[in-house]
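Chains A and B supply the protein sequences, listed in that same order. Final position of the first sequence in numbering that gives the first Met the number 0 is 309; the numbers increase by one with none missing. Final position of the second sequence in numbering that gives the first Met the number 0 is 365; the numbers increase by one with none missing. Cβ coordinates follow ideal geometry from the N, Cα and C atoms, glycine included. Predicted model only: the values in this text are computed from it and were never measured.
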Amino acid sequence: METLLQQTVNGLVVGSVYALIALGYTMVYGILGLINFAHGDVLMVGALVALEAIRLLQIYAPELGMVPTLLAGLSVSVVVCMILGYTIERTAYRRLRNAPRLAPLITAIGVSFLLQTLAMIIWGRNYHSFPQLVSTEPLEPIAGLFITPVQITILAVSATLMVALVLLVNKTRLGRAMRATAENHKVASLMGVDTNKIIAVTFIIGSALAAVAGVMFSSNYGTAHYAMGFLPGLKAFTAAVLGGIGNLGGAMLGGLVLGLVESIGAGYIEDLSFGFLNSSYQDIFAFVILGIVLIFRPTGLLGERVADRA
Amino acid sequence: MNELALAIPWLGKRNPAAARWVVVALAVGAPLIAMLFGKSWVRILDFAMLYVMLAIGLNLVVGFAGLLDLGYIAFYAVGAYTFAFLASPHFELHLPFWLVLPLGAAFAALAGIILGLPTLRLRGDYLAIVTLGFGEIVRIFMNNLNHPINITNGPQGINMIDPLVLFGWDISKPLKVGDEITINSLFLYYYVFLACVVLSVILVQRLQVSRVGRAWAAIRDDELAAKAIGINTRNMKLLAFSLGATFGGVAGGLFAAFQGFVSPESFSLMESIAVLTMIVFGGMGNLAGVIVGALALTALPEVLRHVAVPLQQAVFGQVLLDPEVLRMLLLSLAMIFMMLLRPAGLIPAYSRYSRPELVVGKEAGR
Numbered sequence: 000m001e002t003l004l005q006q007t008v009n010g011l012v013v014g015s016v017y018a019l020i021a022l023g024y025t026m027v028y029g030i031l032g033l034i035n036f037a038h039g040d041v042l043m044v045g046a047l048v049a050l051e052a053i054r055l056l057q058i059y060a061p062e063l064g065m066v067p068t069l070l071a072g073l074s075v076s077v078v079v080c081m082i083l084g085y086t087i088e089r090t091a092y093r094r095l096r097n098a099p100r101l102a103p104l105i106t107a108i109g110v111s112f113l114l115q116t117l118a119m120i121i122w123g124r125n126y127h128s129f130p131q132l133v134s135t136e137p138l139e140p141i142a143g144l145f146i147t148p149v150q151i152t153i154l155a156v157s158a159t160l161m162v163a164l165v166l167l168v169n170k171t172r173l174g175r176a177m178r179a180t181a182e183n184h185k186v187a188s189l190m191g192v193d194t195n196k197i198i199a200v201t202f203i204i205g206s207a208l209a210a211v212a213g214v215m216f217s218s219n220y221g222t223a224h225y226a227m228g229f230l231p232g233l234k235a236f237t238a239a240v241l242g243g244i245g246n247l248g249g250a251m252l253g254g255l256v257l258g259l260v261e262s263i264g265a266g267y268i269e270d271l272s273f274g275f276l277n278s279s280y281q282d283i284f285a286f287v288i289l290g291i292v293l294i295f296r297p298t299g300l301l302g303e304r305v306a307d308r309a
Numbered sequence: 000m001n002e003l004a005l006a007i008p009w010l011g012k013r014n015p016a017a018a019r020w021v022v023v024a025l026a027v028g029a030p031l032i033a034m035l036f037g038k039s040w041v042r043i044l045d046f047a048m049l050y051v052m053l054a055i056g057l058n059l060v061v062g063f064a065g066l067l068d069l070g071y072i073a074f075y076a077v078g079a080y081t082f083a084f085l086a087s088p089h090f091e092l093h094l095p096f097w098l099v100l101p102l103g104a105a106f107a108a109l110a111g112i113i114l115g116l117p118t119l120r121l122r123g124d125y126l127a128i129v130t131l132g133f134g135e136i137v138r139i140f141m142n143n144l145n146h147p148i149n150i151t152n153g154p155q156g157i158n159m160i161d162p163l164v165l166f167g168w169d170i171s172k173p174l175k176v177g178d179e180i181t182i183n184s185l186f187l188y189y190y191v192f193l194a195c196v197v198l199s200v201i202l203v204q205r206l207q208v209s210r211v212g213r214a215w216a217a218i219r220d221d222e223l224a225a226k227a228i229g230i231n232t233r234n235m236k237l238l239a240f241s242l243g244a245t246f247g248g249v250a251g252g253l254f255a256a257f258q259g260f261v262s263p264e265s266f267s268l269m270e271s272i273a274v275l276t277m278i279v280f281g282g283m284g285n286l287a288g289v290i291v292g293a294l295a296l297t298a299l300p301e302v303l304r305h306v307a308v309p310l311q312q313a314v315f316g317q318v319l320l321d322p323e324v325l326r327m328l329l330l331s332l333a334m335i336f337m338m339l340l341r342p343a344g345l346i347p348a349y350s351r352y353s354r355p356e357l358v359v360g361k362e363a364g365r
């Protein structure tokens, strides 16, 4: 029972990171109908840039406290990722907006690998240990549960960001323009919405969220690596599909559900399969879920759109 | 073949017959030319032939039927591992080549159907993700199925796989002609692989202009319309998946026999992407383009290895980018810029079965 609760907590933490990443996928998909393959790699860039910034700060401004250092590193990485997101949209995707549907997808894969290769050139193939500025030592157990400060921070930050995003999309002028663009590009631009700008803004917001998610992901696991974006990216995409792609609430729900399933599943897979499979199969859950959702409910848990739109 | 000949600059358009002979001569003489640069280049040619087969197979799925498959290397893996299981000391099985290779192809086709069935209703981009996931699942299983029962031997892979034995003739041993001349086994493998490639090309070319090929083209261009004119889209897509997978399976079996060793490392996502880039680079949906793309992108990293490394040493005094990194860099850049600047590839598909929106200029006669 305690295992179950502990795994639930871990699952919620991982799930909220997935949810943040999934938001980026779902916003871009909602507006462009494009799976932004490079999104996971933006996360990687975010984590590595933050790592680099924190390292420099620790050398040149050691008197800064832990939290200011982390915040400064985070801000640098958010800004870098925003620029990166805009650049990717501007150079790689914009010209292909009316191209046959496979073209932007292939470009996106290319961008993803380009980012990975560049990161590999800059940071090498090794795993870097991410500075633990928020403690990963568990606090006093509450009802037998071990919760670390970093986990609490992750939950709090992602909850805040999600609320902020929902408010932005639903309550502001910019959000209305975004929804209008998602609904119909042409009509939106006839109504005076600068759709190019809105699409760029969407990429920028998504990339900023990815940067935050990357820093949280690395803080949680204590490492950063040039290929670290691939799996979380894929899982977050699964989460977005699970919740209903194009739907903000769905992405959050999907992220949490996926995190829970994965972490609880990893705890019990050995017993369930009579010792045949072990927790090294944890990564399979996301793909299996993705398959099941797409077969039985391609619109996702909360989605209304049909998957095979022509 | 004709398209390949036509693609030769200058000569192709003026004297197609001569160009055709040039292609034949190049195909037959390639290992001899490569030998001038060293044995390792013949080996690279052998691998290039395997990549050509993979590219032809993937082109069937992506270029003809328009189903973007990012887990194609999984079928290659299925073929290779089938060969490794049935013809190596790992399970103490040494079944003959004629049995193992078709079995590998059949398993790969089955895997294609297994992958195809649940994904039939999906749009292109969803399909890409699911196939990517499928490729990863296969790799995770290959990596981890050494415990509690040792099936795949985990990350170490399987060693000492039987070589190709055709009619009792082991082609991994040098062939002695007369007393003086011996033909290296790398050459023998090349000609075996070349034969397979030629066979695949003929098969696929016939397929492309057949009823099936036309149905695929229709599905690719507009699935709804294809359905409306009475094409059984489900069966046709399944057929594309399983046929494409078959090529992957055969190539995988040949790879296992050639290399004598398989491990999960050879079947990473990067390989799937590399094969996809070959198609995109050469010209999606066009056999000649696909072949040229596969050859170019297999040879390019090797050329780079021999050119870029000394060059960097001369200019910077050290090796800044190792060839593997350069390969990834080039592949990703090729993918991006091909789509932006020349979406139809090096040799665009001109036939009436090609993508209408990508065809430039007037319809060329076949």
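#### Entry: Selection of the stretch 252-283 of chain B by Cβ proximity to chain A, strictly under 9 Å
Leu268, Met269, Ile272, Leu275, Thr276, Val279 and Met283
### Which residues DSSP lists as bridging Val261/B, in chain order
In the second sequence, residue 261/B corresponds to position 262, counting from 1. The partner list for Val261/B (beta bridge, DSSP) reads Ile157/B.
### Query
For the stretch 251-259 of chain A against the stretch 14-24 of chain A, are there 3 or more C-beta pairs whose distance is under 8 Å?
yes
### Query
With 16 as the cutoff for other CB atoms within 10 Å, does Gln317/B come out buried or exposed?
Along the second sequence, one-based indexing puts residue 317/B at 318. Counting Cβ neighbours within 10 Å, Gln317/B comes out exposed, since fewer than 16 surround it.
### Message
Using a 10 Å radius around the Cβ and a threshold of 16 neighbouring Cβ atoms, would you call Leu293/A buried or exposed?
### Response
Taking the first sequence and counting its residues from 1, one reaches residue 293/A at position 294. By the neighbour-count rule (16 or more Cβ atoms within 10 Å), Leu293/A is buried.
### Query
Under 8 Å between C-beta atoms, does Gly290/A make it to chain B?
Taking the first sequence and counting its residues from 1, the one referred to as residue 290/A is at position 291. So, interface residue.
### Task
Could you name the residues that DSSP lists as bridge partners for Leu165/B?
For the purposes of this step, residue 165/B is identified with residue 166 of the second sequence, where counting begins at 1. In the DSSP output, where bridge partners are listed per residue, Leu165/B has Trp168/B.
### Task
Compare the C-alpha of Gly191/A against each of Phe202/A, Ala199/A and Ala179/A and name the closest.
The residue given as residue 191/A occupies position 192 in the first sequence. Of Phe202/A, Ala199/A and Ala179/A, the residue nearest in Cα terms is Ala179/A.
### Query
Val291/B to Ile182/B, Cα distance in whole Å?
One-based indexing of the second sequence puts residue 291/B at position 292. One-based indexing of the second sequence puts residue 182/B at position 183. Cα to Cα, the separation comes out at about 27 Å.
#### Entry: Residues that Pro342/B contacts on chain A, provided the C-beta gap is smaller than 7 Å
Position 343 of the second sequence, counting from 1, holds the residue named residue 342/B. Those within 7 Å of Pro342/B in chain A are Ala98 and Ala102.
### Query
Using the C-alpha atoms, what's the distance from Leu339/B back to Leu95/A?
Numbered from its first residue, the first sequence carries residue 95/A at position 96. Numbered from its first residue, the second sequence carries residue 339/B at position 340. So the alpha carbons of these two residues sit roughly 7 Å apart.
### Query
Under 8 Å, do Phe96/B and Leu193/B count as touching if we go by C-beta distance?
As a working mapping, residue 96/B is identified with position 97 in the second sequence. As a working mapping, residue 193/B is identified with position 194 in the second sequence. Their beta carbons are not under 8 Å apart, which means Phe96/B does not touch Leu193/B by this criterion.
### Task
Quick one: list the residues of chain B neighbouring Met119/A, beta-carbon separation under 7 Å, in chain order.
Locating residue 119/A in the first sequence gives position 120, where the first residue counts as 1. Val324, listed in chain order.
### Query
Which bits of chain B does Arg89/A rub up against, with CB to CB less than 7 Å?
The count along the first sequence starts at 1 and reaches residue 89/A at position 90. Ordered by position in chain B, no residue passes the 7 Å Cβ test against Arg89/A, which lies about 12 Å from the chain.
### Query
When you compare only the Cα positions, how much space is there between Ile87/A and Val110/A?
Here residue 87/A is taken as the residue at index 88 of the first sequence, counted from 1. Here residue 110/A is taken as the residue at index 111 of the first sequence, counted from 1. Distance between the alpha carbons of Ile87/A and Val110/A: 8 Å.
### Query
Within 8 Å (strictly less), CB to CB, does Tyr50/B reach chain C?
The structure shown contains no chain C; its protein chains are A and B.
### Task
For Tyr189/B, decide whether its Cβ has a neighbour in chain A, counting only Cβ atoms nearer than 8 Å.
Numbered from its first residue, the second sequence carries residue 189/B at position 190. Judged by the 8 Å Cβ criterion, Tyr189/B is not in contact with chain A.
### Query
Going along the chain, which residues of its own chain have a beta-carbon closer than 8 Å to the beta-carbon of Leu3/A, five neighbours each way excluded?
Taking the first residue of the first sequence as position 1, residue 3/A is located at position 4. Cβ within range, chain order: Ile263 and Gly266.
#### Entry: Residues that Pro231/A contacts on chain B, provided the C-beta gap is smaller than 7 Å
Position 232 of the first sequence, counting from 1, holds the residue named residue 231/A. What Pro231/A touches in chain B: nothing, since even the nearest Cβ is about 13 Å away.
### Message
Do Ala239/B and Val51/B count as a contact pair if the criterion is CB distance below 8 Å?
### Response
Position 52 of the second sequence, counting from 1, holds the residue named residue 51/B. Position 240 of the second sequence, counting from 1, holds the residue named residue 239/B. No.
### Under 7 Å from the C-beta of Asn143/B: neighbouring residues of chain A
As a working mapping, residue 143/B is identified with position 144 in the second sequence. Within chain A, the residues near Asn143/B are Ser279 and Tyr280.
### Task
Check the Cβ-Cβ distances between Lys361/B and every residue of chain A, and say whether any is below 8 Å.
As a first step, residue 361/B must be located in the second sequence, where it is residue number 362. Here Lys361/B scores only 33 on pLDDT, less than 50, and its place in the model is too uncertain to base an answer on.
#### Entry: Nonlocal neighbours in the same chain, by C-beta distance under 8 Å from Val191/B, ignoring five residues either side
Position 192 of the second sequence, counted from the start, is the residue given in the question as residue 191/B. Here the set comprises Leu163, Leu165, Ile170 and Leu253.
### Query
Beta-carbon separation of Phe286/A and Gly132/B under 8 Å?
Here residue 286/A corresponds to residue number 287 of the first sequence, with the count starting at 1. Here residue 132/B corresponds to residue number 133 of the second sequence, with the count starting at 1. Yes, these two residues count as a Cβ contact at 8 Å.
#### Entry: Rounded distance between the beta-carbons of Leu301/A and Gly242/A, thought under 8 Å
Residue 242/A sits at position 243 when you count from the first residue of the first sequence. Residue 301/A sits at position 302 when you count from the first residue of the first sequence. Their Cβ separation, rounded to whole angstroms, is 6 Å, which keeps Gly242/A and Leu301/A in contact under 8 Å.
#### Entry: Chain-order list of residues whose beta-carbon lies under 8 Å from that of Ile30/A (same chain, five-residue window excluded)
The residue you call residue 30/A lines up with position 31 of the first sequence. Met177, Thr180, Ala181, Ile197, Ile198 and Thr201, listed in sequence order.
### Query
Three-state secondary structure (DSSP) at Ser87/B?
In the second sequence, the residue the question calls residue 87/B occupies position 88. Looking at Ser87/B - three-state DSSP - the assignment turns out to be strand.
### Task
Output yes or no for whether 8 Å exceeds the beta carbon distance between Thr222/A and Ser128/A.
Along the first sequence, read from residue 1 onward, the residue named residue 222/A stands at position 223. Along the first sequence, read from residue 1 onward, the residue named residue 128/A stands at position 129. Yes. Within cutoff.
### Selection from Leu31/B, Arg138/B, His89/B and Phe82/B that minimises the alpha carbon distance to Glu270/B
Start at 1 with the first residue of the second sequence, and residue 270/B comes out as number 271. It is Arg138/B.
### Message
Tell me which residues share the same chain as Val279/B and place their Cβ nearer than 8 Å to its Cβ, disregarding the 5 neighbours each side in the sequence.
### Response
The count along the second sequence starts at 1 and reaches residue 279/B at position 280. These residues qualify, in order along the chain: Gly292, Ala333, Met334, Met337, Met338 and Gly344.
### Query
Of all the CB atoms in chain B, is at least one closer than 8 Å to the CB of Val75/A?
Translated into positions along the first sequence, residue 75/A becomes position 76. No, its Cβ sits nowhere closer than 8 Å to a Cβ of chain B.
### Message
Let me make sure I understand the geometry here. Which of Ala86/B, Ile55/B, Phe84/B and Leu85/B has the alpha-carbon closest to that of Tyr71/B?
### Response
Locating residue 71/B in the second sequence gives position 72, where the first residue counts as 1. Considering only alpha carbons, the answer is Ile55/B.
### Message
Just to confirm, is the Cβ distance from Gly282/B to Pro347/B under 8 Å?
### Response
Within the second sequence, residue 282/B is the residue found at index 283, counting from 1. Within the second sequence, residue 347/B is the residue found at index 348, counting from 1. Yes, Cβ-Cβ distance for Gly282/B and Pro347/B is below 8 Å.
### Query
Just to confirm, are Pro30/B and Val21/B a CB contact at a threshold of 8 Å?
As a first step, residue 30/B is located in the second sequence; it is residue number 31 there, counting from the start. As a first step, residue 21/B is located in the second sequence; it is residue number 22 there, counting from the start. Taking 8 Å as the Cβ cut-off, Pro30/B and Val21/B do not qualify as a contacting pair.
### Message
Residues in the same chain with beta-carbon distance under 7 Å from Pro173/B, minus the five sequence neighbours each way, listed in chain order, please.
### Response
By one-based count along the second sequence, residue 173/B stands at place 174. Cβ within range, chain order: Thr181, Ile182, Asn183 and Ser184.
### Query
With a CB to CB cut of under 8 Å and the five nearest residues on each side skipped, what residues in its chain are close to Thr118/B?
Position 119 of the second sequence, counted from the start, is the residue given in the question as residue 118/B. The answer, listed in chain order, is Tyr125, Leu126, Val129 and Thr130.
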